Amino acid sequence: MFCEKAVELIRELHRLSDGQLPAFNEDGLRQVLQEMKVLYEQNQSDVNEAKGEGRADLIPSIKLRHSCLLRNQRCLAAYLYDRLLRIRALRWEYGSVLPANVRFHMCAEELEWFSQYKKSLATFMRSLGGDEGLDITQDMKPPK
Amino acid sequence: ANTETYLKAVALKHMPPNLQSVDMLKAVPE
Amino acid sequence: SQAYLPVPPGVGMEENFFSLDDILLSHERLSCRTECAFPRLGFLEKSGDTRDIAEGTKMELPLWLAKGLYERKRRVVSVEVPKVYREGWRTVFSADPTVVDLQKMGPYYYGLGSQMLHFDSPENPDVAQSLLQTFIGRFRRTMDSSQNAYNEDTSVLVERLDCLERALFRSGQSGLNGFQSWEKGRAS
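Chains as they are written, first to last, in my numbering: chain D, 479 to 622; chain A, 723 to 752; chain Z, 481 to 668.
Structure, rendered in structure tokens:
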């Protein structure tokens with residue numbers, strides 16, 4: 479069945495329910511994108527045949543492949559998004575400088591996303607509490 | 723916007739033409 | 481990490497697009513029957529020795545694909561209601577919902593049951609009722625045990641719960657632990 483690799487990526491994250499960030503699975507991503515390419519090309523070919531030669535009987539297969547494409551898209555987007563949620567949590571747990579072993583698990587674009595996130599958060603915090611701003615990442619627990 | 727840019731850069735732009743966007747408002751629930 | 485807040489599963493018949501739980505739920509397999517032919521996809525079928533999937537083929541499809549192909553007005557694929565939602569099991573649940581091992585019968589008993597309502601069936605109103613009554617019948621025990629088990633091994637308490645119930649149990653435990661921590665002056 480199609481989309482098995484895609485769901486494997488999801489499982490990889492689901493197993494780590496405590497928010498740990500595993501290494502970025504570049505190879506897994508590439509395999510899913512490759513499967514999408516193949517499905518799309520097969521569908522293009524069938525669509526041309528359906529239109530050109532009146533092969534309406536090909537439509538169910540075209541729809542099936544399209545469902546698989548949507549599934550792969552969803553799995554990849556969810557995989558990447560969930561990783562961003564874990565990375566975002568790191569800002570609140572570790573502060574703005576991430577430990578090297580964590581950075582090592584992030585791809586270049588994730589590091590860029592994190593950098594942008596830090597900037598957005600800093601801008602927001604500066605806008606609070608008058609001239610000095612307010613560091614809301616401190617004092618996460620109430621005083622004794 | 724940051725997240726959309728990221729998703730496009732890493733994955734969406736490598737997908738078939740009709741699948742290169744995700745409706746972020748629908749995808750991220752309140 | 482307390483700051484990691486994954487996208488939660490959808491409520492009822494809805495799925496959340498980015499929810500890992502919903503994606504795994506929709507990976508569950510259902511017994512289906514094709515109501516039309518699927519040319520050139522014969523390799524997907526178990527025997528896989530024909531070029532096409534013929535009309536009338538019985539095969540297991542993941543929920544996401546069954547949902548993607550299913551059409552109310554046209555016969556493309558028909559989906560069999562899993563045993564646990566049919567009359568026999570519904571009778572068991574109505575007799576005593578607390579005795580059933582929902583991890584074994586599920587593990588997504590409520591989630592999958594709710595998703596089955598996307599497929600037209602005369603049993604749907606009864607399935608929906610059964611899901612609701614089963615939840616109501618079991619909820620109290622899950623809540624009570626989550627509030628009473630402090631600092632102990634809870635594996636026996638959760639082993640017969642389905643995924644939704646386990647999430648509720650964990651939520652209850654989180655509240656209990658937070659309260660205990662505060663009482664002991666450890667929350668500052």
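Cβ coordinates follow ideal geometry from the N, Cα and C atoms, glycine included. Predicted model, so just to flag it, every value in this text is computed and none were measured.
Same chain, Cβ closer than 6 Å to residue i, five either side skipped, listed in chain order
i      : result
Z:P577 : T614, G617, R618
Z:V564 : M585
Z:V718 : Shown here, chain Z extends from 481 to 668; a query on residue 718 of chain Z therefore has no answer.
Z:K538 : R513
C-beta neighbour in chain Z for residue i, strict 7 Å
i      : result
A:P751 : yes
D:G573 : no
D:P577 : no
D:D560 : yes
D:I614 : no
D:P500 : no
D:I565 : no
Through-space distance from residue j to residue i, alpha-carbon basis
i      : j      : result
Z:R555 : Z:G548 : 13 Å
D:L536 : D:H544 : 12 Å
D:D613 : Z:I503 : 37 Å
D:A528 : A:T725 : 38 Å
A:L729 : Z:Y590 : 32 Å
Z:V557 : D:W591 : 42 Å
D:L563 : D:G532 : 48 Å
A:P738 : D:F602 : 37 Å
A:V732 : D:E587 : 7 Å
Z:S481 : A:H736 : 32 Å
Z:N657 : D:V516 : 50 Å
Z:D624 : D:S598 : 42 Å
Z:S506 : D:G608 : 49 Å
D:E571 : Z:A483 : 7 Å
D:N526 : Z:G528 : 26 Å
Z:Q653 : Z:V636 : 15 Å
Z:L485 : Z:L592 : 23 Å
Z:M493 : D:R604 : 42 Å
Same chain, Cβ closer than 7 Å to residue i, five either side skipped, listed in chain order
i      : result
Z:V487 : N496, F498, S499
D:K596 : R569, S574
D:R566 : Y595
Z:S601 : V561
D:L507 : L554
Nearest residue (CA-CA) to residue i, options the options
i      : options                        : result
Z:K526 : Z:E515, Z:L541, Z:P519, Z:S635 : Z:L541
D:P620 : Z:R666, Z:E567, Z:Q482, Z:Y589 : Z:R666
Z:A517 : Z:G593, Z:D532, Z:V580         : Z:D532
D:K541 : D:S598, D:R552, D:Q520         : D:Q520
D:C546 : D:L494, D:L491, D:G608, D:Q512 : D:Q512
D:Q522 : D:G506, D:V510, D:S539         : D:S539
D:D459 : D:G611, D:R552, D:A484         : Since the first and last residues shown for chain D are 479 and 622, residue 459 of chain D lies out of range.
D:C481 : D:M514, D:H492, D:L499         : D:M514
Z:Y550 : Z:E515, Z:G536, Z:F573         : Z:E515
D:M629 : Z:M493, Z:L543, Z:S668, Z:G492 : This structure leaves residue 629 of chain D out entirely; chain D is present only between 479 and 622.
D:P577 : D:R493, D:L491, D:H492, D:L499 : D:L499
Closer than 7 Å to chain D by CB, residue i
i      : result
Z:G548 : yes
A:M746 : no
Z:L611 : no
Z:F519 : Rather than Phe, the amino acid found at residue 519 of chain Z in this sequence is Pro. Closer than 7 Å to some Cβ of chain D, the Cβ of Z:P519 qualifies, so yes.
Z:A534 : no
CB contact check: residue i to chain A, cutoff 7 Å
i      : result
Z:F497 : yes
D:L511 : yes
D:M584 : no
Cutoff 8 Å; reference residue i; Cβ partners in own chain excluding five residues on either side
i      : result
Z:F651 : It is Ser, not Phe, that sits at residue 651 of chain Z in the sequence shown. Excluding positions up to five away in sequence, the list reads S626.
Problem set entry | Segment contact, 8 Å Cβ cut-off, at least three pairs: the stretch 741-751 of chain A with the stretch 577-591 of chain D | no
Exercise. Taking three-plus beta-carbon pairs below 8 Å as touching, is the stretch 622-629 of chain Z in contact with the stretch 590-597 of chain Z?
Worked result: no
For this session: Kindly confirm or deny that the stretch 601-611 of chain Z and the stretch 660-668 of chain Z touch, where touching means at least three C-beta pairs closer than 8 Å.
Result: no
Problem set entry | Touching by the beta-carbon criterion (3+ pairs, under 8 Å), the stretch 539-559 of chain D and the stretch 736-746 of chain A | yes
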